[in-house]
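Participant:
Residue numbers (our numbering), protein chains in the order written: chain D, 16 to 364; chain S, 13 to 317.
#1: Could you name the residues that DSSP lists as bridge partners for residue 91/D?
#2: Below 9 angstroms between beta carbons is the criterion; list the residues of the stretch 296-307 of chain D that meet it against any residue of chain S, in chain order.
#3: Roughly how many angstroms separate the alpha carbons of residue 333/D and residue 158/S, rounded to a whole number?
#4: Can you pull the chain S neighbours of residue 143/D, defined as C-beta to C-beta under 8 angstroms?
#5: Cα-Cα, which of 123/D, 356/D, 93/D and 200/D is closest to residue 317/D?
#6: Indicate whether residue 118/S and residue 226/S have their beta-carbon atoms separated by less than 8 angstroms.
#7: Of all the options 293/D, 311/D and 249/D, which has the alpha carbon lying nearest to the alpha carbon of residue 283/D?
#8: Which residues in chain S sit within 7 angstroms of residue 3/D, going by Cβ to Cβ distance?
#9: If you measure beta-carbon to beta-carbon, which residues of the stretch 278-297 of chain S are closer than 9 angstroms to chain D?
#10: When Cβ atoms are compared, which residues of the stretch 47-62 of chain S fall closer than 8 angstroms to chain D?
#11: Which residue or residues does DSSP assign as beta-bridge partners of residue 331/D?
#12: Starting from residue 227/S, follow the alpha helix (DSSP H) in both directions and report where the run begins and ends.
#13: If distances are taken between C-alpha atoms only, which option among 351/D, 319/D, 212/D and 307/D comes closest to residue 365/D?
#14: Mapping DSSP to helix, strand and coil, what is residue 97/D?
#15: I'd like to know whether the C-beta of residue 200/D is nearer than 8 angstroms to at least one C-beta of chain S.
#16: Report, in whole angstroms, the separation of the C-beta atoms of residue 44/S and residue 288/D, which I expect to be a contact under 8 angstroms.
#17: Taking beta-carbon pairs under 8 angstroms, can you tell me which members of the stretch 318-332 of chain D lie near chain S?
#18: What's the gap between the Cα of residue 295/D and the Cα of residue 243/D?
#19: Report yes if the C-beta of residue 78/S is less than 7 angstroms from at least one heavy atom of the ligand SAH; otherwise report no.
#20: Taking residue 219/S as the reference, give the member of 104/S, 124/S and 300/S with the closest Cα.
#21: On the DSSP bridge list, what partners appear for residue 204/D?
#22: So, residue 99/D versus residue 112/D, is the Cβ gap smaller than 8 angstroms?
#23: On the three-state DSSP scale, how would you describe residue 163/S?
#24: So, for residue 337/D: in the same chain, excluding its five sequence neighbours on each side, which residues have a beta-carbon less than 6 angstroms away from its beta-carbon?
#25: Measure from the alpha carbon of residue 51/S to the alpha carbon of each residue in 240/D, 94/D, 168/D and 217/D, then state which is nearest.
#26: Using 8 angstroms for Cβ pairs, my map puts residue 151/S next to residue 64/D. What's the rounded Cβ distance?
#27: In angstroms, rounded to a whole number, what distance separates the CA positions of residue 304/S and residue 230/S?
#28: So, is the C-beta of residue 201/S closer than 8 angstroms to a C-beta in chain D?
#29: At which residues does the alpha helix (DSSP H) containing residue 266/S begin and terminate?
#30: Taking all protein chains shown into account, do 16 or more other C-beta atoms lie within 10 angstroms of the C-beta of residue 241/S, making it buried, or fewer, making it exposed?
#31: Take every Cβ of the stretch 178-189 of chain S, pair it with every Cβ of the stretch 252-272 of chain S, and state whether three or more of those distances are shorter than 8 angstroms.
#32: Hey, is residue 206/S's beta-carbon within less than 8 angstroms of any beta-carbon in chain D?
#33: Thinking just about the alpha-carbon of each residue, which of 157/D, 171/D and 73/D is nearest to the one in residue 308/D?
#34: Between residue 157/D and residue 55/S, what straight-line distance do the alpha-carbon atoms span, to the nearest angstrom?
#35: State yes or no: is the C-beta of residue 76/S within less than 8 angstroms of the C-beta of residue 175/D?
#36: Of the choices 303/D, 254/D and 314/D, whose alpha-carbon is the least far from that of residue 280/D?
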């Protein structure tokens, strides 16, 4: 993690107080000024490449994104529209606004499935893995493997593993009597399907996330589990062992040790994983693109997917850019929360 | 400028790791870890074994756990269906250029922030921090517009500069040459270089470049390797950006190539898995070799890709 702490260096200015004569002093001052100038110039020289590239591809485009979003811009730049693109997306009672709010709700649902399970599972695995066990390194190597694998390749594999006819998942489910799940092609809500299977009707508003979205969430959990484990293992390593010993002397049991020592002292890592996993969900694109391409019936069309479709497939660059700005604001909110909390943590200790 | 080896190694700090008290029996713990490990590893196993099955076995219901006969020719066929050699060459070139450029640029900037005094340092640092927080989604569309050619006959008051680099290597390299993240990581490392070393170097008459080259960099090898590996991963696995800024096979990287092959292969999963295997293989190999650096890098920085 990068904390926003700027380290000030002392400027070791030796005061030319005593040594001989006014001329010597001015000469020395002049040479010092020259040295300072050279140092500054050199520093800027060192920074020019980074500033140039960051400026051209990060800073300027951030402003261009807002600029583009103020125009009707379908392939070519059209008329200035002010905030009308935003109005269309957010307020106008149009299909566009419906699409945006639906995609936002899909994204939130996706996050609600993915993030808690990711955290809970990683916490358990990290807690077990942290203890003295034979073969820890082998386990760890395996757990981190999905994280380094490219999303496109891994998602391609998942689409086969979850294949309705010959995928392993349906074969296993078939052996316990669950048949015919179509996973990444299934637009029906999981609660609705459960209700149908058990023989009662579930109202539309509680149909739940589509099975396809649940499938995408399973992929995300699989893909990022290793990362969360890694972060938690780091956090566990920072907890002083004496705390456990003292608690044990006081007669604490295993659950109390975990609940009263591990969990609170791991809260910075849990919070960090929560924010970064939420950001990850907001930004997720490749897995959705490969597994469902936003379908079936738009049930996996997250905000990022909507952005991609609007901008790239429909060529509506102005509207797409407005969605991009809104998405950026969402992501930045999580980033700022993360940074803010971390700074406070740092000053605590 | 002598005896840098007596210095403490600043980056590979291994915390003394006291164990947690045991929760339950060792058997149970292994059971948990093995079940999770099997679920995590199965897709890889599936990929490698399915790549060796023939078409009928690959689409058999129920799936076979082991291939009944090994069909290594699947790899040959998958390889021949797309210009993979070209894709790999493209990806290696793009990744190498990105990593090389990024590391040089980051070293210089990080050194300036860590070891030099200049006016506006804090402002500039804040600016770098801001770009670090800016997600790539924010710049996706404007960068795409900048890469493409200006359409004729449109003269807006404030035109966006056009680099006219659509479907080139440059479009896939230039936007990633400056990474605020790498600058931060290296700056942390360079800050840990003791002040006395700089003073000694100055007394010996060394300038900044010489100090950087002969003292700072040799002391920072682990951090540099970490930056290089993380940057290489990002470059190798990147998909969305190359997907939208390339159209021809001549500059297409492997991830976009795999996506193209996905559309072409349809339900020929044995070929798709063969192709996925060779797209994944180099990066998994790199992971197994450089695991220490990658794990450290991720643990220290919390980058999630």
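Think of the CB as a built atom: it goes at the ideal place given N, C-alpha and C, for glycine as much as any other residue.
Bear in mind the structure is a predicted one, so any value in this text is a computation, not a measurement.
Facilitator: Let's see:
#1: Per DSSP, 89/D.
#2: Of all residues in the stretch 296-307 of chain D, the ones placed with a Cβ closer than 9 angstroms to any Cβ belonging to chain S are 297, 298, 300, 301, 304 and 305, in chain order.
#3: About 14 angstroms.
#4: Here the neighbours are 35, 41, 44 and 45.
#5: It is 123/D whose Cα lies nearest to the Cα of residue 317/D.
#6: The answer is no: Cβ separation not under 8 angstroms.
#7: When C-alpha distances from residue 283/D are compared across 293/D, 311/D and 249/D, the shortest belongs to 249/D.
#8: Outside the displayed range of chain D (16 to 364) lies residue 3/D, so it cannot be described from this structure.
#9: Contact residues of the stretch 278-297 of chain S toward chain D are 279, 281, 284, 285, 287, 288, 289, 291, 292, 295 and 296 (C-beta to C-beta distance below 9 angstroms).
#10: Those residues of the stretch 47-62 of chain S that come within reach of chain D (Cβ to Cβ, closer than 8 angstroms) are 48, 49, 51, 52, 53, 54, 55, 56, 58, 59 and 62.
#11: Under the DSSP definition of a beta bridge, residue 331/D partners with 89/D.
#12: Unbroken run through residue 227/S: none, as it is neither H nor E.
#13: Lying outside 16 to 364, the shown extent of chain D, residue 365/D is not represented and no answer is given.
#14: For residue 97/D, the three-state secondary structure derived from DSSP is coil.
#15: For residue 200/D, no Cβ of chain S is located within less than 8 angstroms of the residue's own Cβ.
#16: Contact doesn't hold; Cβ gap of about 20 angstroms is too wide.
#17: Those would be 319, 322, 323, 326, 327 and 332, in chain order.
#18: Whole-angstrom Cα-Cα distance: 12 angstroms.
#19: Questions concerning the ligand SAH fall outside what the structure shown contains, since it holds no ligand whatsoever.
#20: Considering only alpha carbons, the answer is 124/S.
#21: Beta-bridge annotation (DSSP): residue 204/D is paired with 225/D.
#22: The answer is no: Cβ separation not under 8 angstroms.
#23: In the three-state DSSP reduction, residue 163/S falls in the coil class, being neither helix nor strand.
#24: Within the same chain, and ignoring the five residues on either side of residue 337/D in sequence, the residues whose Cβ sits closer than 6 angstroms to its Cβ are 84, 100, 101 and 104.
#25: Here the closest residue by C-alpha is 240/D.
#26: About 18 angstroms separates the beta carbon of residue 151/S from that of residue 64/D, a gap too long to meet the 8 angstroms contact definition.
#27: Rounded to the nearest angstrom, the two C-alpha atoms are 19 angstroms apart.
#28: Residue contact check for residue 201/S against chain D: no CB pair falls below 8 angstroms.
#29: For residue 266/S, the enclosing alpha helix (DSSP H) covers residues 266-277.
#30: That one is buried.
#31: With a cut-off of 8 angstroms, the stretch 252-272 of chain S and the stretch 178-189 of chain S count as touching, because enough Cβ pairs lie within range.
#32: Chain D, which has no Cβ nearer than 8 angstroms to the Cβ of residue 206/S, makes this no.
#33: Among 157/D, 171/D and 73/D, the Cα nearest to that of residue 308/D is on 171/D.
#34: Rounded to the nearest angstrom, the two C-alpha atoms are 12 angstroms apart.
#35: Result no, Cβ atoms of residue 76/S and residue 175/D do not sit closer than 8 angstroms.
#36: Comparing Cα positions, the closest option is 254/D.
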